[in-house]
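Residue numbers (full-length UniProt numbering): 1 to 686.
Glycine included, each C-beta is placed from N, C-alpha and C at the ideal position.
This one's a predicted model, so the numbers in the text were calculated from it and none came from an experiment.
Beneath this line is the structure, given in structure tokens, with notes to follow.
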Amino acid sequence: MTNVPPAIRRAAAAVRKRRWRTAVALVAITGAVAVWLVATRTFPYHSLNHDEGVYLQQASMLLEGRLFVRPPVADAFRPWFFIEDGDRLYPKYSPVPAAIFAIGKLAGGARLVLPGLAAAILTLVALVVREVFDRRTGLVAAVAVLCSPLFLIETAVFLPYAPTAMLNLTFAYAYLRADRTDDLRVAAAAGAAIGAAFFARPYTAILFAVPFIGHACWSLSRDFRGALPRQATTAGLGLAGVGLALGYNAVVTGSPLLFPYEAFAPLDGLGFGRRRILEHEIEYTVGLALRSNALVLRSFVTEWLVGGLLGVALAAAGIGVAVRRGLSARAAILAGQVLTITVGNVYFWGNFNILGDIDRAGTGLIATHGPYYHFDLLLPVAAFAAVGALALFDAVRRRADRSLSPQGARTAVVVVVLVSALAVGGVTATTLDGKLERNEAVTETYERVYDPLEDGTIEEPAVVYLPTPYGDWLAHPLQALRNDPGFDGDRIYALDERPFDVADAYPDRSLYRLAYRGTWAPHAGSPQGARLQRVDRVAGETVALNVSVGVPDAASSVTATVTTDEASETYVADTVSTASEAQLLVTADAVRLRGTGWDTNSTVPVGERDDIELTVFVDRGPGSSYSYRLEVPVQAENETVRALTPSVERCSAIRECGGEAAYLPERAPDGTFVRTELTALDRKRD
1 MTNVPPAIRR AAAAVRKRRW RTAVALVAIT GAVAVWLVAT RTFPYHSLNH DEGVYLQQAS
61 MLLEGRLFVR PPVADAFRPW FFIEDGDRLY PKYSPVPAAI FAIGKLAGGA RLVLPGLAAA
121 ILTLVALVVR EVFDRRTGLV AAVAVLCSPL FLIETAVFLP YAPTAMLNLT FAYAYLRADR
181 TDDLRVAAAA GAAIGAAFFA RPYTAILFAV PFIGHACWSL SRDFRGALPR QATTAGLGLA
241 GVGLALGYNA VVTGSPLLFP YEAFAPLDGL GFGRRRILEH EIEYTVGLAL RSNALVLRSF
301 VTEWLVGGLL GVALAAAGIG VAVRRGLSAR AAILAGQVLT ITVGNVYFWG NFNILGDIDR
361 AGTGLIATHG PYYHFDLLLP VAAFAAVGAL ALFDAVRRRA DRSLSPQGAR TAVVVVVLVS
421 ALAVGGVTAT TLDGKLERNE AVTETYERVY DPLEDGTIEE PAVVYLPTPY GDWLAHPLQA
481 LRNDPGFDGD RIYALDERPF DVADAYPDRS LYRLAYRGTW APHAGSPQGA RLQRVDRVAG
541 ETVALNVSVG VPDAASSVTA TVTTDEASET YVADTVSTAS EAQLLVTADA VRLRGTGWDT
601 NSTVPVGERD DIELTVFVDR GPGSSYSYRL EVPVQAENET VRALTPSVER CSAIRECGGE
661 AAYLPERAPD GTFVRTELTA LDRKRD
């Protein structure tokens with residue numbers, strides 16, 4: 001090559017550069033398409049991690065220029081992981097990931113940003129690894145990340161780990177390029193990126209950046225005057241990002257040093273000792289931290305990395321190759337990240353929480369989402385796996401060239417590459433398929449629950465009262481059902497805690513109630529179905545609820561229990577044949593059950609705001625008895641009773657009643673049915 005004219009060498013180099021860029025672009029496009037398919041087919045209703053709804057709600061707020069929302073009714077509109085501050089609510093998370101998701105909303109749909117994130121991450125991985133090693137290694141590293149289940153699944157959901165990784169990778173590339181070129185503009189970009197990453201997830205950014213900080217100190221020690229302008233520029237803009245985060249804290253929490261997540265749960269943070277969020281509390285000891293993080297790392301290397309243990313073996317070999325060749329200061333940054341990310345996460349109890357039952361594998365969010373707190377570990381592991389794979393490839397090629405004819409050498413190399421690709425690809429495909437199937441099973445359950453909302457029966461504008469299997473939160477778990485920040489969309493979603501206040505806040509809207517049947521466990525295929533019930537509102541001096549229920553001839557007896565907050569009465573039907581019809585009469589201070597075959601001279605007192613329960617128990621002998629449970633919200637004021645259509649459950653056992661046994665007409669056994677009619681006897685409408 002020494003005799004080749006410089007012009008030809010430059011032309012050849014330009015061709016190689018273009019080919020590399022084209023290859024990286026193909027990898028990025030492939031990743032974008034793959035993530036889009038996973039996002040739209042596997043997560044159309046979002047995932048088991050209900051934090052997605054928090055970020056999407058926050059993205060909508062930012063698009064309207066809001067840091068807070070002010071619900072029209074207190075306690076009825078609080079979204080999951082939102083903090084109450086007087087009459088306003090704000091999310092516990094930083095707005096940076098939400099701002100990135102908002103870009104997709106501006107483009108026509110939040111999911112549009114996810115393929116862009118995927119393409120950006122893969123491109124940046126190739127660029128970072130090229131800066132540390134060479135183009136070929138960068139390309140292989142990008143392919144390794146693309147084929148990692150953790151990347152494909154976590155980038156396809158609206159969680160902060162992929163957006164933060166994109167910011168971290170932008171910092172890494174800009175820092176390394178500035179270190180090579182001494183370009184202050186690129187150094188400024190590095191500072192801005194790591195500042196934004198800190199704002200997004202402070203601890204994640206710190207763990208990623210510590211090896212770079214070490215490299216910066218090393219470069220200053222070698223050439224202080226030469227490196228100072230570049231490093232000062234990066235540090236200055238990075239600290240500006242820190243200042244921006246502290247300023248945001250001051251606005252929303254009132255203190256620069258009080259982060260929103262701490263305002264939500266003061267003991268939900270870093271460190272050992274007592275950790276708590278809501279009702280979940282543990283003593284996070286060093287021993288528990290080491291054990292849980294060992295399990296998380298085992299999952300990372302066996303299930304969520306390209307090739308599983310084969311990929312880890314290649315990465316270990318790659319580190320050995322890099323050390324043998326003379327580990328450069330830039331390569332040492334990536335090696336250092338393996339240490340800082342791995343060790344640093346031991347200090348964070350979130351890695352215990354994603355495991356679910358620590359003594360039972362396959363539980364917790366790690367089973368469906370992977371070890372997402374270690375997402376940034378993909379970069380160094382993929383980089384050194386690429387080094388190891390290419391070193392192995394080069395060794396095989398040299399051995400073949402020495403031992404075989406040119407044609408035989410080419411054949412041998414192709415065979416080795418194909419066998420290796422099949423081995424790594426087979427492990428990855430099997431693992432990814434299992435992860436996708438687990439998430440798709442959840443989506444199938446979600447489809448059954450959301451189906452009543454999508455069949456076109458809702459008359460808009462409407463208010464929909466939602467069930468609360470996890471407590472008094474919106475979007476937990478039904479995170480696809482979110483309100484506009486102004487609470488003025490075509491559909492308003494509310495908790496069923498203060499139904500009359502919500503109805504009064506929206507007097508001109510139709511009312512509905514969503515209920516489901518079966519324990520809320522989407523990973524186990526439950527609930528089995530859902531029902532959207534139209535809710536009428538009536539008012540008068542006396543409100544009547546006419547009830548007709550299915551009672552089979554085989555029933556031996558039927559009893560009815562009327563329960564209020566004040567008292568309870570149980571009645572026995574005279575005969576089974578007359579027990580299917582009954583009427584509740586509600587006045588401002590009492591409720592009475594009447595009907596043919598019911599001996600009910602007594603009344604049950606009713607409070608000013610009450611939920612009247614009527615339970616009809618049909619005794620068919622052990623194992624075949626069941627009950628109907630109706631709950632009527634009532635409110636009395638100035639001798640006027642207001643009532644809403646009752647919720648209806650059909651329970652195979654009394655213990656099933658209470659929110660998870662919705663009566664589904666299309667799934668009810670033969671002979672069982674419930675029909676209700678709510679009227680005001682004086683015909684006065686609410």
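Asked, Found
"Where Arg685 sits in the DSSP three-state scheme", "The predicted position of Arg685 is uncertain, since its pLDDT is 44 and thus under 50; no value can be drawn from it."
"Residues of its chain near Thr233, where Cβ-Cβ distance is below 7 angstroms and the 5 sequence neighbours each way are ignored", "Leu184, Ala187, Ala188 and Gly191"
"Where Tyr470 falls, given that 16 or more other Cβ within 10 Å makes a residue buried", "exposed"
"7 angstroms Cβ shell around Val551 - same chain, five flanking residues per side excluded", "Val558, Val576, Ala579, Ser580 and Val618"
"Residue interval of the alpha helix (DSSP H) (run including His215)", "Pro202 to Arg222"
"Close Cβ partners of Lys684 (< 6 angstroms) along its chain, the five nearest in sequence each way excluded", "With a pLDDT of 47 at Lys684, under the threshold of 50, the predicted position of this residue should be treated as unreliable, though the coordinate-derived value follows. Excluding sequence neighbours, Lys684 sits near Ala539 and Gly540."
"Glu281 in three-state terms, based on DSSP", "strand"
"Contact belief for Pro97 with Thr204 at Cβ below 8 angstroms, rounded distance in angstroms", "Actually they are not in contact, since the Cβ atoms of Pro97 and Thr204 sit about 11 angstroms apart, beyond 8 angstroms."
"Simplified DSSP assignment, three categories, for Ile80", "Note on residue identity: the sequence assigns Trp, not Ile, to residue 80. Correct three-state label for Trp80: coil."
"Inter-residue spacing [alpha-carbon to alpha-carbon] between Arg18 and Leu26", "12 angstroms"
"Nearest candidate by alpha-carbon position, reference Asp501, set Pro605, Pro72, Thr672 and Glu279", "Pro72"
"is_contact[Pro95, chain C] using C-beta, thresh 8 angstroms", "No chain C is part of this structure, which consists of one protein chain only."
"Pair within 8 angstroms by beta-carbon distance, Ala141 and Ala316", "no"
"The stretch 326-335 contacting the stretch 371-387, beta-carbon criterion three pairs below 8 angstroms", "yes"
"Contacting residues, own chain, Cβ-Cβ under 6 angstroms from Val129 (five flanking each side not counted)", "Thr137, Gly138, Ala141 and Ala383"
"Exposed unless 16 or more other CB atoms sit within 10 angstroms - verdict on Glu154", "buried"
"8 angstroms Cβ shell around Ala200 - same chain, five flanking residues per side excluded", "Ser94, Val96, Pro97, Pro160, Pro163, Thr164 and Leu167"
"C-beta contact flag for Thr640 and Leu545 at 8 angstroms", "no"
"For Glu64 and Asp686, the rounded distance between their alpha carbons", "Because Asp686 carries a pLDDT of 44, less than 50, the predicted location of this residue cannot be relied on, and the following value inherits that uncertainty. Distance between the alpha carbons of Asp686 and Glu64: 35 angstroms."
"Reduced DSSP secondary structure (H/G/I, E/B, other) of Thr575", "coil"
"Proximity test, Ala503 beta-carbon vs the ligand MG heavy atom, cut-off 7 angstroms", "Absence of the ligand MG is noted for the structure shown, with no ligands found whatsoever."
"Distance, Thr411 Cα to Asp134 Cα", "26 angstroms"
"Proximity of His215 and Ala475 at Cβ, strictly below 8 angstroms", "no"
"Residue range of the alpha helix (DSSP H) that includes Leu124", "Val113 to Val132"
"Rounded C-alpha distance that separates Val427 from Leu244", "44 angstroms"
"Length of the line joining the Cα atoms of Gly238 and Phe68", "27 angstroms"
"Cross-strand partners of Gln635 (DSSP beta bridge)", "Arg609 and Arg642"
"Rounded straight-line distance, which links the Cα of Leu644 to that of Leu678", "8 angstroms"
"Where the beta strand (DSSP E) through Arg531 begins and ends", "Gly529 to Val535"
"Enclosing beta strand (DSSP E) for Ser292 [first to last residue]", "Unbroken run through Ser292 is the alpha helix (DSSP H), Val286 to Glu303; no beta strand (DSSP E)."
"Between the CA atoms of Thr342 and Leu270 - distance to the nearest angstrom", "15 angstroms"
"Top-ranked residue by Cα proximity to Leu537, from Asp565, Leu514, Asp508 and Gln528", "This sequence places Arg at residue 537; Leu is not what is there. Among Asp565, Leu514, Asp508 and Gln528, the Cα nearest to that of Arg537 is on Asp508."
"Other residues of its chain near Leu37: CB distance less than 7 angstroms, five sequence neighbours each side excluded", "none"
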